[in-house]
Structures are given as C-alpha cells and as structure tokens.
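Residue numbers (this note's numbering): 1 to 171.
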C-alpha cells in the first residue's frame, strides 16, 4: 500500500467529496424507473433530503489486488450512538489490478447498529498518483447502506464491486 492521504487534503475536502458521492447515489435512486430493482430496494430513500437523518463516519480504505484482491475499511462513527465503528472487509478472486489507500468520509443512511452481515459493495476510483475514490455499501437486496469518499493515492482507475462483503459492528 502507499502512503496515506496527502497533507493538502483537508476535512473540508473530505466532507465535500462525501456529500457529492451521497448526493449522486440519492440522485440515481430517485431517477431510477419506478419498478426497477434500485427503486424497489430503496423506497425509504425516495424522500431523502437535507433534513433526513444520517450517521457520519470516516476511516481508512485500503484496496489492492492483481489476481486475488483484498478490501478493508474501518469507519469510526462521529455521531452520538452506541456504535463505535463499522468494519468492512472483502476478498476474493478478481481481474482488477490496483493499489489504493486513502482516508474516506461519508454517511450511513441507515442506523449503523443494524448493518452487520453480508453486503454488496462498489468502489469507483481514478488515481495515477492522486485522485478520487468512493465506496458504496448496500444490502444484499440492493438497499443503500452508506457512501464514503476520499482523495486516493495509489495506482488504479476502475469500478469494482462484488457481492461478498462483510460488515461488523463494534459497540
């Protein structure tokens, strides 16, 4: 893995990236056809707006692999809640050549105490030396759990997702 996020990255930058990523995810959900799997799985988020409760979190995302990949991210909660952190891990065989390490910030759109177990996930990244990365976590039925974004250092430009993620809740 490479060195962590550059010193030019600020909390304000991370918050801005996280808000953009969450806004984009909500926009996709709201613009999906009425009977589509995305719309059906995310009915609760169709009325999402600035007044909707979210649980802010941040942590370090590490992803790497060539033939066998590993992804991990521990997200510490910043809100007052009984959950201290949510750990995400995934590994397996895949055709992605990438090494990314970065700090991410974002929000859970569901109570983090309810998310333990298997999940689907997607990482979108574009970095030669420095670029943006986002991690989206979903239930196995496709409901959005949360979205997290950051400024990445490393090498890779890809959209990567599998259905073999695991979420653990630390209380």
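Note that the Cβ used here is the ideal one computed from N, Cα and C, for glycine as well. All figures in this text were calculated on a predicted structure; none of them were measured in a lab.
- In this structure, residue 137 sits near residue 119, with a CB-CB distance shorter than 8 Å.
- Ranked by Cα distance from residue 61, the options 113, 40, 140 and 76 are led by 76.
- Three or more beta-carbon pairs separated by less than 8 Å link the stretch 94-112 to the stretch 63-76, which places the two stretches in contact.
- Three or more Cβ pairs closer than 8 Å define a contact, and the stretch 83-92 falls short of that threshold against the stretch 15-34.
- Shortest Cα-Cα distance from residue 89 to any of 112, 103 and 116 involves 116.
- Residue 167 carries a strand assignment under DSSP once its states are collapsed to helix, strand and coil.
- Secondary structure at residue 114: helix, using DSSP grouped into helix, strand and coil.
- Listed as beta-bridge partners of residue 134 by DSSP are 124 and 149.
- For residue 109, no beta strand (DSSP E) segment is defined, and its DSSP state is neither H nor E.
- For residue 18, the three-state secondary structure derived from DSSP is helix.
- In the DSSP annotation of this structure, the continuous segment of the beta strand (DSSP E) that includes residue 63 starts and ends at 55-65.
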